[in-house]
Amino acid sequence: MSQSRLTELTWREVRRAGEEGIALLPIGSQEQHASHLPMGTDTLLVEEVVDRALDMLAREAGPGVVRLPALPFGHSPHHLFAAAVSLSAATLGAVLDDILDSLVTSGYRRVMVVNGHGGNDEIMRLAVKRFALRSPVTVAACSYWTLTAGGDGAGRPDVTPGHAGWFETSLMLAAHPDLVRTPVPARAPVEPPPLFDTPPYPGLTVERHREWERVGGSTDDACDADAARGDRLLEDRARGLARAIHAFDAASRSPR
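In the numbering used here, the protein residues as written are 622 to 877.
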C-alpha cells in the first residue's frame, strides 16, 4: 500500500484503500498570530509535518495512508479580539463527527486525526472518544508538537508549542519563510505573566478575561527564531508522527 491523497482518488480507489488503509485528517485554524505570522500558521504547520511524515513512510514502505485535505478552521474564540475565523466547540465537534461518519460509511475502519492548533485539542480528543463508542472504527488523535522521535536537538520545551512565539516562528521560517514578516519584532515583557501560560498551582487550568489581548497575541519572544532549528524541529515531529502511524497501524490492523 502507499500514501495517497483523497482528493486525487476515484471513489473506487477510496473504497479499496479503506479496506486496510488509514485515513488521516489534519486540522488547523485561521487566527491571529501576532504581527509577523499569517492567519493560517497552524494549518500550514500541521500540513508540513503530515507531509514530511508521509514522505518518510513512503520511503520506508510504511502502512497505507490516505491523506484528507486539512480542515482549515478550528476553535479560536480567544483570538477574535484581533482576527480569526472560529468554529464553536459544538460546531467543531459536529464537523469532526460528520467527517468520521463519512469515512466509516465510505469503508474506512481506521482513522487518525492530527491537530495543529491548541484550541482544538480537547474537542478533537473528545470527538474521537465519543465516535468510537458507537461506530465500528479505531480512531487515534494527536497534536503534532506532542510527538517527538527523541532527536530534537533544537530544544526549548519551555516555549513549545506556544503561540506565535519562538517555536512556531522557527518552524514557519523553515517551512514558509516567504510568509514570515521580518524582522520579527521583540516581544515586550508582560507583567503579570498570563495565567493560561503560568497557572498559580500545578494542575490548574486558569483563564482570565481578555488575557490574550493583554499579551498582544503571542506567548513568548520570537525575535531569535531560527530556520535551521525550525527545520530540525519539523523533522523530529515528522519522524515522531511517522512512528506513531506505524504503531497505530500495528495495533489496529485486523488479524488475517
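Virtual Cβ for every residue (Gly too), placed ideally from N, Cα, C. On a predicted model such as this, the values are computed, not experimentally measured, just so you know.
Residue 745 and residue 863: beta carbons closer than 9 Å? no
Cα-Cα separation between residue 814 and residue 835, rounded to whole angstroms: 10 Å
Same chain, Cβ closer than 8 Å to residue 842, five either side skipped, listed in chain order: 786, 787, 807 and 808
Can you tell me the Cα-Cα spacing of residue 766 and residue 810, whole angstroms? 25 Å
Identify every run of the beta strand (DSSP E) within the stretch 711 to 766, keeping only runs that are complete inside it and at least 3 residues long; order them along the chain. 731 to 736 and 759 to 764
Where does residue 629 sit, in a helix, a strand or coil, going by DSSP? Three-state DSSP puts residue 629 in a helix.
Comparing C-alpha positions only, which one of 860, 697 and 849 sits nearest to residue 709? Taking each of 860, 697 and 849 in turn and checking the Cα distance to residue 709, the smallest one comes out for 697.
So, using beta-carbon positions, are residue 650 and residue 740 closer together than 9 Å? It is a contact, given that the beta carbons lie within the stated cut-off.
Tell me residue 646's beta-bridge partners as DSSP assigns them. 734
Sequence-distant residues of its chain with Cβ nearer than 7 Å to residue 701 (five each side left out): 707
Can you give the Cα-Cα distance for residue 722 and residue 758, rounded to whole angstroms? 10 Å
Distance CB(residue 792)-CB(residue 752) smaller than 9 Å: no
How long is the line joining the alpha carbons of residue 831 and residue 837, rounded to whole angstroms? 10 Å
Hey, which unbroken runs of the beta strand (DSSP E) at 3 residues or more fall wholly within the stretch 675 to 713? 686 to 688
Compute the Euclidean distance between the alpha carbons of residue 868 and residue 769, then round it to the nearest angstrom. 14 Å
Grab the span of the alpha helix (DSSP H) containing residue 570 for me, first residue to last. Outside the shown range of the chain, which is 622 to 877, sits residue 570, and nothing can be said about it.
Among residues of its own chain, excluding the 5 on either side of residue 669, which ones have a beta-carbon nearer than 7 Å to its beta-carbon? 796 and 855
Helix, strand or coil: how does DSSP classify residue 832 here? helix
Could you check if residue 803 is buried or exposed, using at least 16 other CB atoms within 10 Å of its CB as the buried criterion? exposed
What residue does the alpha helix (DSSP H) around residue 656 start on, and which one ends it? No alpha helix (DSSP H) holds residue 656; DSSP gives it neither H nor E.
Within its chain, find whatever has a CB closer than 7 Å to the CB of residue 846; leave out the 5 residues flanking it on each side and keep chain order. Around residue 846: 787, 790, 791, 794 and 805.
Could you name the residues of the same chain whose beta carbon sits closer than 7 Å to that of residue 817, not counting the 5 residues immediately before and after it, in chain order? 827, 828 and 832
Determine the burial state of residue 825: buried for a count of at least 16 other Cβ atoms within 10 Å of its Cβ, exposed for fewer. With fewer than 16 other Cβ atoms within 10 Å, it is exposed.
Mark residue 629 as exposed unless 16 or more other C-beta atoms lie within 10 angstroms of its C-beta, in which case mark it buried. A residue is called buried when at least 16 other Cβ atoms come within 10 angstroms of its Cβ; residue 629 does not meet this threshold and is exposed.
Within 9 Å (strictly less), CB to CB, does residue 874 reach chain D? Absence of chain D from the displayed structure is noted, only one protein chain being present.
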